[in-house]
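Chains as they are written, first to last, in the working numbering: chain A, 1 to 310; chain B, 311 to 412.
Glycine is no exception: its CB is placed at the ideal position from the N, C-alpha and C atoms.
Every value quoted in this text rests on a predicted model; they were computed, and no experiment measured them.
Here the structure comes first, spelled out in structure tokens, and everything after it is commentary.
This is the structure:
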């Protein structure tokens with residue numbers, strides 16, 4: 001019975017992936033991509049990787065889907081023909097993609113197989129400061145990767161802001177949003193945020209010992225902020241607002257500071273001694289969650305656009 | 311005939327309620343594919359979301375170990391209800407505006 005479920009799931013993942021890539025029309029491809037992300041997260045649950053499933057559903061399916069839909073909407077508003085995708089085979093693009101795929105396949109075979117988590121990991125886990133092995137790896141054993149990831153997000157946001165026009169630079173981010181006072185969206189924007197805020201904070205909080213963490217919780221918090229902004233309950237900030245800039249960098253800043261403290265006092269960049277590891281990881285996760293939430297929300301809101309058609 | 315124990319009864323309840331839920335999902339899917347306009351398709355969609363997910367939640371709740379799990383399941387269903395209701399209102403309003411020539 002479970003084998004049947006897994007086979008069906010695999011077939012759906014492959015079929016939906018094919019539909020997203022090979023179908024006609026950008027909108028259809030985006031919708032298939034979102035479905036693909038949700039199915040992948042079910043697949044991760046089947047593999048008992050709930051952390052990854054949460055991240056995939058929140059970021060891969062949800063947030064990336066919203067970003068793609070926003071982009072599609074902007075293309076349509078700007079009069080770019082978003083419906084046409086090529087109209088035939090594009091040789092240079094095909095060659096580049098085939099080359100990239102080939103390189104990845106080569107890397108897959110060329111790299112040594114990673115060792116399965118051995119006794120060393122199990123032995124180090126109690127000293128890692130996190131009962132959830134995934135969190136222990138992300139914020140202690142391989143903290144370097146996570147640090148770079150958090151900086152990549154910030155870089156992506158700066159890249160989006162660069163797309164804004166000079167005369168709009170001091171305007172509020174994104175398109176002006178308005179909802180009918182007392183209407184459905186305004187009500188939704190008041191009802192959902194308290195519950196969503198609780199869920200987001202909870203996901204960050206339990207991340208140390210259970211599935212959850214800064215990325216998953218931060219994405220939920222970003223979605224809460226977006227709903228409130230879409231409902232007109234809060235207004236998007238300007239780039240010059242220093243509080244928001246501080247929120248963007250606090251995560252990487254706390255992370256780097258902790259890393260430097262490790263280098264100075266504990267014998268290595270990002271080294272966490274066992275007796276303070278739990279507190280340090282919690283502080284880093286909390287700060288990271290704030291930065292991730294603000295960065296992701298502002299990514300979706302987009303560059304400043306004063307005076308554009310709503 | 312022996313009286314089935316609690317676990318067996320819970321399993322039967324799960325089969326029954328998730329079965330009803332699946333029926334609503336299938337009916338909703340058929341509706342989305344076959345109904346002629348946006349408004350009736352929304353009707354089909356929200357039936358799948360509300361009743362389908364509701365019955366599946368109810369069925370799964372019989373497998374929950376603690377009251378906390380049941381509360382979480384209920385919260386998930388409630389959130390899906392609020393989201394589905396809001397989204398269908400917004401889509402319907404947009405479709406109305408489009409039909410009336412904005």
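DSSP bridge partner residues for residue 174 of chain A (one or two, in chain order) | Here the question's residue 174 of chain A lines up with position 174 in the first chain. Residue 174 of chain A pairs with A/304.
At which residue ranges does the segment 26–93 of chain A contain complete alpha helix (DSSP H) runs of 4 or more residues, listed in the order of the chain?
-> 26–46, 50–55 and 64–77
Excluding the 5 residues preceding and the 5 following residue 43 of chain A in the sequence, name in chain order all residues of the same chain whose CB lies nearer than 7 Å to its CB.
-> As a position in the first chain, residue 43 of chain A is number 43, starting the count at 1. 9 and 13.
Less than 8 Å between the CB atoms is what I'm expecting for residue 301 of chain A and residue 139 of chain A, so what's the real figure, rounded?
-> The count along the first chain starts at 1 and reaches residue 301 of chain A at position 301. The count along the first chain starts at 1 and reaches residue 139 of chain A at position 139. At roughly 28 Å, the Cβ-Cβ gap does not stay under 8 Å, so residue 301 of chain A and residue 139 of chain A are not in contact.
Is the CB of residue 339 of chain B under 8 Å away from at least one CB in chain A?
-> Counting from one through the second chain, the residue named residue 339 of chain B turns up at place 29. No, no contact with chain A.
What are the start and end residues of each continuous beta strand (DSSP E) run of 3 or more residues lying completely inside the segment 172–255 of chain A, in chain order?
-> none
Identify which residue in B/317, B/324 and B/411 has its Cα closest to the Cα of residue 365 of chain B.
-> Translated into the one-based positions of the second chain, residue 365 of chain B becomes position 55. Cα-wise, what sits closest to residue 365 of chain B is B/324.
For residue 192 of chain A and chain B, any beta-carbon pair shorter than 8 Å?
-> For this step, residue 192 of chain A is matched to residue 192 along the first chain. Yes, residue 192 of chain A lies at the interface with chain B (some Cβ there is under 8 Å from its Cβ).
Mind reading off the beta-carbon distance from residue 37 of chain A to residue 64 of chain A? Whole number of angstroms is fine, and I expect it under 8 Å.
-> Counted from its first residue, the first chain places residue 37 of chain A at position 37. Counted from its first residue, the first chain places residue 64 of chain A at position 64. About 7 Å separates the two Cβ atoms, so the contact holds.
In terms of alpha-carbon separation, which member of A/278, A/230, A/292 and A/250 lies closest to residue 178 of chain A?
-> Within the first chain, the letter at position 178 stands for residue 178 of chain A. Nearest of A/278, A/230, A/292 and A/250 to residue 178 of chain A, Cα basis: A/230.
Beta carbon of residue 154 of chain A nearer than 8 Å to that of residue 303 of chain A = Looking up residue 154 of chain A in the first chain gives position 154. Looking up residue 303 of chain A in the first chain gives position 303. No, the pair does not count as a contact, with Cβ atoms beyond the cut-off.
Residue 141 of chain A: which of A/257, A/156, A/123 and A/152 sits nearest, CA to CA?
-> The residue given as residue 141 of chain A occupies position 141 in the first chain. When only C-alpha atoms are compared, the closest one is A/123.
Straight-line gap, residue 196 of chain A to residue 186 of chain A (C-alpha atoms, nearest Å) = Reading the first chain from its first residue, position 196 is the one you call residue 196 of chain A. Reading the first chain from its first residue, position 186 is the one you call residue 186 of chain A. Near 16 Å, if we compare the C-alpha coordinates of residue 186 of chain A and residue 196 of chain A.
When the Cα atoms are used, what is the spatial distance from residue 152 of chain A to residue 159 of chain A?
-> Position 152 of the first chain, counted from the start, is the residue given in the question as residue 152 of chain A. Position 159 of the first chain, counted from the start, is the residue given in the question as residue 159 of chain A. Their backbone Cα atoms lie some 10 Å apart in a straight line.
In angstroms, rounded to a whole number, what distance separates the CA positions of residue 98 of chain A and residue 21 of chain A?
-> Reading the first chain from its first residue, position 98 is the one you call residue 98 of chain A. Reading the first chain from its first residue, position 21 is the one you call residue 21 of chain A. The alpha-carbon atoms of residue 98 of chain A and residue 21 of chain A are separated by roughly 14 Å.
Does the beta-carbon of residue 39 of chain A have 16 or more other beta-carbons within 10 angstroms, so that it is buried, or is it exposed?
-> By 1-based counting over the first chain, the position of residue 39 of chain A is 39. It counts as buried.
Touching or not, the segment 350–362 of chain B and the segment 320–337 of chain B, by the rule of three or more beta carbon pairs under 8 Å?
-> yes
Check each residue of the segment 162–188 of chain A: if its Cβ is closer than 7 Å to any Cβ of chain B, include it; give the result in chain order.
-> 184, 185 and 188
Taking Cβ positions, are residue 287 of chain A and residue 204 of chain A nearer each other than 8 Å?
-> If you number the first chain from 1, residue 287 of chain A lands on position 287. If you number the first chain from 1, residue 204 of chain A lands on position 204. It is not a contact, given that the beta carbons lie outside the stated cut-off.
Measure how close the beta-carbons of residue 312 of chain A and residue 211 of chain A come, nearest whole angstrom, since I'm counting them as under 8 Å.
-> Nothing in the structure corresponds to residue 312 of chain A, since chain A is present only between 1 and 310.
Between residue 214 of chain A and the rest of its own chain, which residues show a CB-CB distance below 7 Å, the 5 nearest in sequence each way excluded?
-> Looking up residue 214 of chain A in the first chain gives position 214. Only 204, 207, 285, 288, 289 and 292 meet the Cβ criterion.
Kindly indicate if chain A contains any beta-carbon less than 8 Å away from that of residue 399 of chain B.
-> Here residue 399 of chain B corresponds to residue number 89 of the second chain, with the count starting at 1. It does: the Cβ of residue 399 of chain B has a partner Cβ on chain A nearer than 8 Å.
As assigned by DSSP and simplified to three states, the class of residue 166 of chain A = On the first chain, residue 166 of chain A is found 166 positions in, with the first residue counted as 1. In this structure, residue 166 of chain A counts as helix in the three-state DSSP scheme.
With 8 Å as the threshold, decide whether the Cβ of residue 396 of chain B is near any Cβ in chain A.
-> As a position in the second chain, residue 396 of chain B is number 86, starting the count at 1. Answer yes: the Cβ-Cβ gap between residue 396 of chain B and chain A drops below 8 Å somewhere.
Classify residue 351 of chain B as buried or exposed, calling it buried when 16 or more other Cβ atoms lie within 10 Å of its own Cβ.
-> For the purposes of this step, residue 351 of chain B is identified with residue 41 of the second chain, where counting begins at 1. By the 10 Å Cβ count, residue 351 of chain B comes out buried.
Same chain only: Cβ atoms within 6 Å of residue 274 of chain A, ignoring 5 sequence neighbours per side = Counted from its first residue, the first chain places residue 274 of chain A at position 274. Closer than 6 Å at Cβ, skipping near neighbours: 127.
Does any residue of chain B bring its CB to less than 8 Å from the CB of residue 195 of chain A?
-> Translated into positions along the first chain, residue 195 of chain A becomes position 195. At least one chain B Cβ lies under 8 Å of residue 195 of chain A.
Buried or exposed for residue 305 of chain A, please, with buried defined as at least 16 other CB atoms from any protein chain shown within 10 angstroms of its CB.
-> Here the question's residue 305 of chain A lines up with position 305 in the first chain. It is buried - the Cβ of residue 305 of chain A has at least 16 other Cβ atoms within 10 Å.
Whose Cβ in chain A lies nearer than 9 Å to the Cβ of residue 392 of chain B?
-> Translated into positions along the second chain, residue 392 of chain B becomes position 82. By Cβ distance, chain A contributes 188, 191, 192 and 195.
Could you pull the start and end residues of the alpha helix (DSSP H) that residue 346 of chain B belongs to?
-> Taking the first residue of the second chain as position 1, residue 346 of chain B is located at position 36. Residue 346 of chain B -> no alpha helix (DSSP H), and no H or E assigned at all.
Test: residue 332 of chain B CB closer than 8 Å to a CB of chain A = Working through the second chain from its first residue, we reach residue 332 of chain B at position 22. Not one chain A Cβ lies under 8 Å of residue 332 of chain B.
For the segment 354–379 of chain B, which residues have a beta carbon sitting closer than 8 Å to at least one beta carbon of chain A?
-> none
Any beta-carbon of chain A closer than 8 Å to the one on residue 389 of chain B?
-> Mapped onto the second chain, residue 389 of chain B falls at position 79. Chain A, which has a Cβ nearer than 8 Å to the Cβ of residue 389 of chain B, makes this yes.
Ignore the nearest five residues each way along the sequence and tell me which others in residue 309 of chain A's own chain have a CB closer than 6 Å to its CB.
-> By one-based count along the first chain, residue 309 of chain A stands at place 309. Any reading at residue 309 of chain A is ruled out, since the residue's pLDDT is 45, under 50, leaving its predicted position unreliable.
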